Amino acid sequence: MSAHVPPALEVRGITKRFPGVLANDHVSFTLRQGEIHALLGENGAGKTTLMNIIYGLYRPDEGDIYVRGRRVEIHSPNDAIRLGIGMVHQHFMLVPTLTVTENIVLGHEVTRGPLLDRRHARERIQELSRQYGLLVDPDAYVQDISVGHQQRVEIVKALYRQADILILDEPTSVLTPQEAEDLFAVMRSLTAQGKSIIFITHKLKEVLAVADRISVLRAGRLVGTTTPAETDEATLAAMMVGREVVLRVEKAPAQPGEEVLRVEGLRVLDDRGLPAVNGVSLTVRAGEVLGIAGVQGNGQTELVEALTGLRRPESGRILINGRDVTGRPPRLITEAGTAHVPEDRQRDGMVAAYTVADNLVLNTYYKPPFARGLVRDEAQVAQFGRRLVREFDIRTPSIYAQARTLSGGNQQKMIVAREFSRPISLLIASQPTRGIDVGAIEFIHQHIVRLRDQGVAVLLVSAELDEVMALSDRIAVMYRGELIAEMPAEEATREQLGLLMAGVQREEELVHKMGVTSAHAEGENG
Amino acid sequence: MWPTVRLQRLHVYALLFLVAGMWLTVGVSARFPAEETTTLTFGIGRTAPKVALPVGRTLLAVGVYYVVSGLLGLAGRRFVRPATWAMIFGGLLIFPTVLVAAAAGKQTNVLTMLNESLRLGTPIALGAIAGIWCERSGVINIAIEGMMLAGACFGFTTFFFLGERLPANQALFISVLVAVITGGLMALLHGVLSITFRTDQIVSGTVINILAIGVTSFVRREYLLSTRAGRVTLPSIEIPLLSDLPVVGPVLFNNKPIFYSMFLLVIVTHVVLFYTRWGLRTRAVGEHPRAADTVGIDVIRVRYINVFISGLIAGLGGAWFSLETVGGFDDLMTNGKGFIALAAMIFGKWTPLGGLGGAMLFGFSEALGTRFQILGIPLPSQFLQIVPYVVTMVVLAGLVGRAIPPAAIGQPYEKQS
Numbered sequence: 001m002s003a004h005v006p007p008a009l010e011v012r013g014i015t016k017r018f019p020g021v022l023a024n025d026h027v028s029f030t031l032r033q034g035e036i037h038a039l040l041g042e043n044g045a046g047k048t049t050l051m052n053i054i055y056g057l058y059r060p061d062e063g064d065i066y067v068r069g070r071r072v073e074i075h076s077p078n079d080a081i082r083l084g085i086g087m088v089h090q091h092f093m094l095v096p097t098l099t100v101t102e103n104i105v106l107g108h109e110v111t112r113g114p115l116l117d118r119r120h121a122r123e124r125i126q127e128l129s130r131q132y133g134l135l136v137d138p139d140a141y142v143q144d145i146s147v148g149h150q151q152r153v154e155i156v157k158a159l160y161r162q163a164d165i166l167i168l169d170e171p172t173s174v175l176t177p178q179e180a181e182d183l184f185a186v187m188r189s190l191t192a193q194g195k196s197i198i199f200i201t202h203k204l205k206e207v208l209a210v211a212d213r214i215s216v217l218r219a220g221r222l223v224g225t226t227t228p229a230e231t232d233e234a235t236l237a238a239m240m241v242g243r244e245v246v247l248r249v250e251k252a253p254a255q256p257g258e259e260v261l262r263v264e265g266l267r268v269l270d271d272r273g274l275p276a277v278n279g280v281s282l283t284v285r286a287g288e289v290l291g292i293a294g295v296q297g298n299g300q301t302e303l304v305e306a307l308t309g310l311r312r313p314e315s316g317r318i319l320i321n322g323r324d325v326t327g328r329p330p331r332l333i334t335e336a337g338t339a340h341v342p343e344d345r346q347r348d349g350m351v352a353a354y355t356v357a358d359n360l361v362l363n364t365y366y367k368p369p370f371a372r373g374l375v376r377d378e379a380q381v382a383q384f385g386r387r388l389v390r391e392f393d394i395r396t397p398s399i400y401a402q403a404r405t406l407s408g409g410n411q412q413k414m415i416v417a418r419e420f421s422r423p424i425s426l427l428i429a430s431q432p433t434r435g436i437d438v439g440a441i442e443f444i445h446q447h448i449v450r451l452r453d454q455g456v457a458v459l460l461v462s463a464e465l466d467e468v469m470a471l472s473d474r475i476a477v478m479y480r481g482e483l484i485a486e487m488p489a490e491e492a493t494r495e496q497l498g499l500l501m502a503g504v505q506r507e508e509e510l511v512h513k514m515g516v517t518s519a520h521a522e523g524e525n526g
Numbered sequence: 527m528w529p530t531v532r533l534q535r536l537h538v539y540a541l542l543f544l545v546a547g548m549w550l551t552v553g554v555s556a557r558f559p560a561e562e563t564t565t566l567t568f569g570i571g572r573t574a575p576k577v578a579l580p581v582g583r584t585l586l587a588v589g590v591y592y593v594v595s596g597l598l599g600l601a602g603r604r605f606v607r608p609a610t611w612a613m614i615f616g617g618l619l620i621f622p623t624v625l626v627a628a629a630a631g632k633q634t635n636v637l638t639m640l641n642e643s644l645r646l647g648t649p650i651a652l653g654a655i656a657g658i659w660c661e662r663s664g665v666i667n668i669a670i671e672g673m674m675l676a677g678a679c680f681g682f683t684t685f686f687f688l689g690e691r692l693p694a695n696q697a698l699f700i701s702v703l704v705a706v707i708t709g710g711l712m713a714l715l716h717g718v719l720s721i722t723f724r725t726d727q728i729v730s731g732t733v734i735n736i737l738a739i740g741v742t743s744f745v746r747r748e749y750l751l752s753t754r755a756g757r758v759t760l761p762s763i764e765i766p767l768l769s770d771l772p773v774v775g776p777v778l779f780n781n782k783p784i785f786y787s788m789f790l791l792v793i794v795t796h797v798v799l800f801y802t803r804w805g806l807r808t809r810a811v812g813e814h815p816r817a818a819d820t821v822g823i824d825v826i827r828v829r830y831i832n833v834f835i836s837g838l839i840a841g842l843g844g845a846w847f848s849l850e851t852v853g854g855f856d857d858l859m860t861n862g863k864g865f866i867a868l869a870a871m872i873f874g875k876w877t878p879l880g881g882l883g884g885a886m887l888f889g890f891s892e893a894l895g896t897r898f899q900i901l902g903i904p905l906p907s908q909f910l911q912i913v914p915y916v917v918t919m920v921v922l923a924g925l926v927g928r929a930i931p932p933a934a935i936g937q938p939y940e941k942q943s
C-alpha cells in the first residue's frame, strides 16, 4: 500500500469502562485499505467490545475513530452503515422467519410506492452473490438454511449496504474446516476487490492462514501487531495469554481396560419430535477417550442428553458398567459414577443465582458429609468449596459469590471441579472448552487426560476438530444422527475428518474403512 | 423419516372421522323421519329462493363422506394430501350440518344467519387485528378487552354530551373518533409500562383491564345513569349496486360503518404486515429485536407505534358495542370479547386473514346459539353451540399445524449501552 492512501479505519486511544471492568484500555490500531487484519484475543480480552464501539452499539469513554482519514462520531449502527462499516456478528443477526431477501434488505428496503420492491432487491442480491462468489438463495427462509449459508447471507447483507469495511466476529466458530476454507476464499476475493476486513478470532491456525496482519488484544490492551511471516502459533498464544502456553496436549498411549459405557442402537428424538440420533452404537473403555467429532446440530446434543438421562431415548440400550440405565433418571446415572460436563453450561451445568459453594455440591448436597438427615452442613459445604476453588484455580472473589458473576472460563472450571472431584468411572464431556480462553482450555485438557490416565472412560463430544484430535484415542464422526466413521486417533487427518463431518466420503480407503465400521456396528446391533 | 410421525397423527384423525361418520350414518340419521325436511331460505319474503333438504338423508350423506375421508386417511401414505384436504373440508361441513339438523322440520334463513355471524364476529375480528399489530412487534396485549371497554364507554359518553347539540350523524362520528383515541391512549399506557419501564407485559395488560373496568363503571354511575332515551346507533349504509348482488349483497353490503371498516382493516393489516417496509420491520422487531437494532431500526419506536395502532383498533372495536350496536353503555358490556379476540388471533396464527376466520367461527357459534333459541331446540343450546368449536379446534390443531407466536413476544427490549 502506498503511503498516501489513508487507512480504511483507524482507532486511537479507545477506552471503554463497564462497571468494575476496563474492557478497552487506550486501544489504537489501524486497518489498511484492502487488508485482512486479524484481531486475536481470549474471551473477555475486549475484541467484541472494540468492534461494538466501531459499529456504534457502544459509545467509547475516550478515544477517536477515523474512517478513510476523517474523524467520525459513530452513535448508532445507522451511522456505521452510512460510513460503509458492516458487521457479521458471532451470533447471526438474522430473523429466522423471514426470507433471505427480507433479511438482507431489512432496514434498507427499496420500495415501489408503498410496497416493498422484492424483485429489485432480489436482482441486487443475485448481482452481489455473483460478484463475490457468495452463493445465497434469495427466496429461502433463514430458518431452513445451513449455518454456512446464513453466514453468507450476513456478508451479503453487509455488502448490500455498500460496506467496504467488514467486521467478521468469530466467523469460523460454527463452520466445518471446509466451510471455513470457503469463507477464507470469499474473504480473499473481497479484499482483492477493495474491501477491508477485520477478522476476529481466537483460533491461531486460521489467523496464520488468512490474515495479512495480526493484532493481539489482552485484558483490554493492544499487546502488539505482527504479520504471519514474523510469528508462529506459540508466540501468538503467549501474546494472548501473557505467558507460555502448552498447545499440544501431552499424553501417554492409552491403556484401555474394562468396557464402561456401551450404547446399542440408540435412537433419540429432538424437541420437534424428529429423529436426531439414529441408531448409534458405541463403546468406551476405562482409560481411553472416545472423541465424537461433528458439526453442531448433527445429534450430538440429543445423544449426550440421552446418555445422561436428560432425554428419553426412543429405542436402544445404554449400559454403564454393565448396568442398563436406559431412560433412567439423571440422579441414578450420576450415582452410577457418571460425570457430565454439559455443552450449555449456563443452562444445564449450574444454577446461575446460586453461590459458587452451592454449585460445587449441586449433585452431592443430599449426601453426607454435606447433609445430615434433612439438614445441610454449611461448614462442610464451605470447606469443600474453598478446597476446590484452590485446587481448580477458580477465580472468584469468594465462595459465596453468585455463579453468574464468574467469567465463562471460571464457570466452566467450577463445573469441572464439581464433576471431577467425585469418584467417577465415566466422563461425558460435551464442548468442554467452548467459548473459554486458552489458559482455561489448557487446564481443562490436562485434567481430562489425567482422569483418563486414572482409568476413567471419557466420551468427548466437541465441534472443535483440534480438540477432538488432541485428546482422543479413538475418533468417531457424527453426521445426521449417525456415527458414520470411527478410527484410531493416530490415523485420522484433519482433511479426512473435515470431509466426514460434511458427510462426504472421498477416498477409496475411507469408503473401505467405513464399510468395516458399519459392519462392526451392525454386528453390535444384532 | 418424519412422515411416519405425521402419518400416525393422521391415522388418529382418520379414525376419529370414521367413528363420527358411522355415528352419523347409523346412530343419528335414522332418528329423523324420512319425510322430515329443513327448508333453507336465501333471503326474506315469498320470492326468496328456497332449498328443502331431507334431514335424515343429508346427515346420511355427510356421515358417508366422513367415513370415506376417514378410510382415505387410513389408505396409506400416497393418500396423505387428499385425505388431509378431505378432512379439512369435512370439518367445515359440520357447520351447515348442525344447522340443518337443528332446524329439522322448520325453515331458517341462511343469509340472516351468515350476516349475523359476520356481524357478531366484527368486534372479535377487530380485537384480533388489534392483537396482531401489537404482538407482531413483540408486545403481548391481553388488554384488548380493557381498551375496548374504555373505548365503548368514552365513545358513548361523548355522544351522550354531544348528541343534543349536533346532528346525530356528526355526533356519532365524533364519538367513534373519541372511542378510537381512548383505545389508543390506553395502549400508550401499556406501552409506557411494558416498553419503557419493562414491566411484565401480562401484568401491565391486567392493570389496564382492571383500570378500564373501574373507570368505566365510575363514569357510567356518575354521568350516564340517566340514559334511557335515544338508543341511537350508527346508521346502516347500503352500498349501491353491490348490495343488489344475489346472496353476497344482503350478507355483506347492507351493514353499518364499523362492520365495513373491519373488513377494510383486515385487508390493510394484511398488506401492511406482509408487503410494506413497516410490516417487514414490525415482524423483524417481534422476532429478533436485536437483529433489527443492528440494521438501524429503532425497536422502541416501532413497538410504541404498533402498540398505539393496536389500541386505536381496539377502541374502534369498543365503539361497535356502544355506538354501532346497543346505543348505550353498560358495565362490562364488552363481555370478554377482547379475550375471545385473542383466541381468534392465536387460532389464525397471528395473521389478519386467519384472525378474521377465527372471529367468524366465534361469530357463527354465537349466531347459532341465538338461532337455536329462536327455533326452540329442546337440547340445551350451549351444547350444540360448542360443536363447531370442538370440531374446528380438533381439525385445525391436528391437520393444519400449531400456532407459533412471534419469537420475541413478551420480552422487553433493552438496548446495550
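So the sequences go chain by chain: C and Z.
Here the first sequence stands for residues 1 to 526, numbered as in my numbering.
Here the second sequence stands for residues 527 to 943, numbered as in my numbering.
From the three backbone atoms N, C-alpha and C, an ideal C-beta is built for every residue, glycine too.
Note that this is a predicted model, so its numbers are computed, not measured.
Other residues of its chain near residue i: CB distance less than 6 Å, five sequence neighbours each side excluded
i       : result
L771(Z) : none
N52(C)  : Y58
A929(Z) : I872 and K875
Nearest-angstrom Cα separation, counted from residue j out to residue i
i       : j       : result
L269(C) : L307(C) : 13 Å
G689(Z) : M548(Z) : 59 Å
V249(C) : V449(C) : 8 Å
L22(C)  : V72(C)  : 23 Å
L715(Z) : L541(Z) : 50 Å
Q431(C) : R311(C) : 18 Å
D824(Z) : R535(Z) : 43 Å
E123(C) : P878(Z) : 30 Å
L619(Z) : R662(Z) : 32 Å
G647(Z) : N780(Z) : 16 Å
E491(C) : R317(C) : 29 Å
V531(Z) : T301(C) : Residue confidence for V531(Z) is low, a pLDDT of 45 falling below 50, so the modelled location carries little weight; the figure read from the coordinates is stated next. Each residue's alpha carbon lies about 21 Å from the other.
Burial state of residue i (16 or more Cβ within 10 Å)
i       : result
H75(C)  : exposed
S315(C) : exposed
A521(C) : At A521(C) the pLDDT is 41, less than 50, meaning the model places this residue with poor confidence and gives no usable figure here.
E391(C) : exposed
L499(C) : buried
Q411(C) : buried
S472(C) : buried
N735(Z) : buried
Same chain, Cβ closer than 7 Å to residue i, five either side skipped, listed in chain order
i       : result
T172(C) : A180, L183, T201, K203 and E206
A629(Z) : T564 and L901
R506(C) : Unreliable placement is indicated for R506(C), whose pLDDT of 45 sits below 50; the coordinate value is still reported in the next sentence. Within the same chain, R506(C) has close Cβ partners L499.
Chain-order list of residues whose beta-carbon lies under 8 Å from that of residue i (same chain, five-residue window excluded)
i       : result
V210(C) : I36, A38, F184, M187, R188 and F199
E305(C) : V268 and R311
Cβ separation of residue i and residue j, assumed to be a contact under 8 Å, to the nearest whole Å
i       : j       : result
G889(Z) : G653(Z) : No, G889(Z) and G653(Z) are not in contact; Cβ-Cβ is about 12 Å, not under 8 Å.
T396(C) : L388(C) : Actually they do not touch by this definition, with Cβ atoms about 11 Å apart.
V438(C) : A237(C) : 6 Å
I666(Z) : I935(Z) : 6 Å
N363(C) : T334(C) : 5 Å
Min CB distance residue i to chain B below 8 Å
i       : result
I823(Z) : The structure shown has no chain B; the protein chains it does contain are C and Z.
Quiz item: Touching or not, the region 536–553 of chain Z and the region 585–600 of chain Z, by the rule of three or more beta carbon pairs under 8 Å?
Solution: yes
Quiz item: Is it a yes or a no for the region 73–92 of chain C touching the region 159–178 of chain C, going by three-plus beta-carbon pairs under 8 Å?
Solution: yes
Exercise. Please determine if the region 133–142 of chain C and the region 93–104 of chain C are in contact, where contact requires at least 3 C-beta pairs separated by less than 8 Å.
Key: yes
Exercise. Report yes or no: do the region 330–341 of chain C and the region 275–288 of chain C share at least 3 C-beta pairs separated by less than 8 Å?
Key: no
Exercise. Kindly confirm or deny that the region 679–689 of chain Z and the region 704–723 of chain Z touch, where touching means at least three C-beta pairs closer than 8 Å.
Key: yes
Quiz item: On the three-pair Cβ rule with 8 Å, is the region 349–362 of chain C touching the region 281–295 of chain C?
Solution: no
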